[in-house]
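Peer 1: Dropping a structure here in structure tokens format, bear with me for questions.
Residue numbers (the numbering used here): 1 to 290.
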């Protein structure tokens, strides 16, 4: 299976581990990733300043993906996934907006058809492949481990766009973790925001969101927190100590991407999965698995 992949801005510039793990894991499932050329920002950072520019950038990126002739587009960043999904929805329901966008795309020799199936890593692995296909690739069991999942706001909201999972009771990532033999927990703060989007304007509030959620997860006695969004990961993994200090808690929780966890279960070397780049105490988890 060939799939076009859009990496966004954050993953190639700061979250190398996410890209590394995806490039290692997906070929094990028979997936060939096709990188896109001349793509740009998804448009989300511009939304509050220039909504049209935001939609245009998302449409342009999708038009570039459509030029490959592929039917599927994998978007690893939850924010980018929302940006593309929203633009696709608006361009299908607002004819005037579509005409305005298409006029600009024509200047570059591009055309937006809206034919691509847009995937997030969660529904891609869960819906397109499923339990049987994933379990066939596993070399290690995670039977003795217990994890907390973090879906992130943009993965499941707003529901009007038909997001990756149920916005009130998401289960797909939990099932993906359980297919590796591990257990997952339900906890009251499961759907709480990581605080990332407040970091520039209200850093204390952002770190409070992060710290309170991490404190709740730690009190549940899990072996690690698993996420799927680079922005969320930066809050939980990179800023864990600062978040703990903000809420008066000593946090010591391993945090990793689901694709990293899947790669470990597949028997892929830790460095190839970028686990040495994680800032949280990931070694404790790896020792348990070993």
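Beta carbons: idealized from backbone N, C-alpha and C, even for Gly.
(1) Exposed or buried, residue 287, counting other C-beta atoms within 10 Å across all chains shown (16 or more means buried)?
(2) Using a Cβ-Cβ cutoff of less than 8 Å, which residues in the same chain neighbour residue 68 once the five nearest sequence positions on both sides are dropped?
(3) With DSSP run on the structure shown, which of helix, strand or coil describes residue 228?
(4) Locate the alpha helix (DSSP H) running through residue 81, then write down its first and last residues.
(5) If you run the structure through DSSP and keep just helix, strand and coil, what is residue 134?
(6) Assuming residue 211 contacts residue 249 (C-beta within less than 8 Å), just tell me the rounded distance between them.
(7) Grab me the residues of residue 92's own chain with a C-beta within less than 7 Å of its C-beta, minus the 5 sequence neighbours each way, in chain order.
(8) Cβ atoms of residue 64 and residue 85: under 7 Å apart, would you say?
(9) Identify whether residue 164 lies in helix, strand or coil by the three-state DSSP scheme.
(10) Closest by CA to residue 224, which one among 231, 214 and 230?
(11) Write down every uninterrupted run of the alpha helix (DSSP H) in the stretch 103-147 whose length is 4 residues or greater and which is fully enclosed by it, in chain order.
(12) How big is the Cα-Cα spacing for residue 132 and residue 271?
(13) Under a three-way DSSP split, which group does residue 55 fall into?
(14) Check whether the stretch 220-238 touches the stretch 192-211, counting contact only when three or more Cβ pairs, one atom from each stretch, lie closer than 8 Å.
Peer 2: Answer, in terms of the structure:
(1) One-based indexing of the chain shown puts residue 287 at position 287. Its Cβ having fewer than 16 others within 10 Å, residue 287 is exposed.
(2) For the purposes of this step, residue 68 is taken as the residue at position 68 of the chain shown. 4, 34 and 36.
(3) In the chain shown, the residue the question calls residue 228 occupies position 228. Coil.
(4) As a working mapping, residue 81 is identified with position 81 in the chain shown. Element bounds for residue 81: 78-93.
(5) Position 134 of the chain shown holds residue 134. DSSP places residue 134 in helix when its eight states are reduced to three.
(6) For the purposes of this step, residue 211 is taken as residue 211 along the chain shown, with counting starting at 1. For the purposes of this step, residue 249 is taken as residue 249 along the chain shown, with counting starting at 1. With a contact defined as Cβ atoms closer than 8 Å, residue 211 and residue 249 qualify at about 6 Å.
(7) Against the chain shown, residue 92 aligns to sequence position 92. Only 114 meet the Cβ criterion.
(8) If you number the chain shown from 1, residue 85 lands on position 85. If you number the chain shown from 1, residue 64 lands on position 64. No Cβ-Cβ contact shorter than 7 Å links residue 85 with residue 64.
(9) Against the chain shown, residue 164 aligns to sequence position 164. Residue 164 falls in the coil class under three-state DSSP.
(10) Numbered from 1 along the chain shown, position 224 holds the residue referred to as residue 224. Cα-wise, what sits closest to residue 224 is 214.
(11) Those alpha helix (DSSP H) runs which fall completely within the stretch 103-147 and span 4+ residues are 130-135.
(12) For the purposes of this step, residue 132 is taken as residue 132 along the chain shown, with counting starting at 1. For the purposes of this step, residue 271 is taken as residue 271 along the chain shown, with counting starting at 1. Taking C-alpha positions only, residue 132 is separated from residue 271 by approximately 27 Å.
(13) Mapped onto the chain shown, residue 55 falls at position 55. Three-state result, residue 55: helix.
(14) The stretch 220-238, when compared against the stretch 192-211, does touch it at the 8 Å Cβ threshold.
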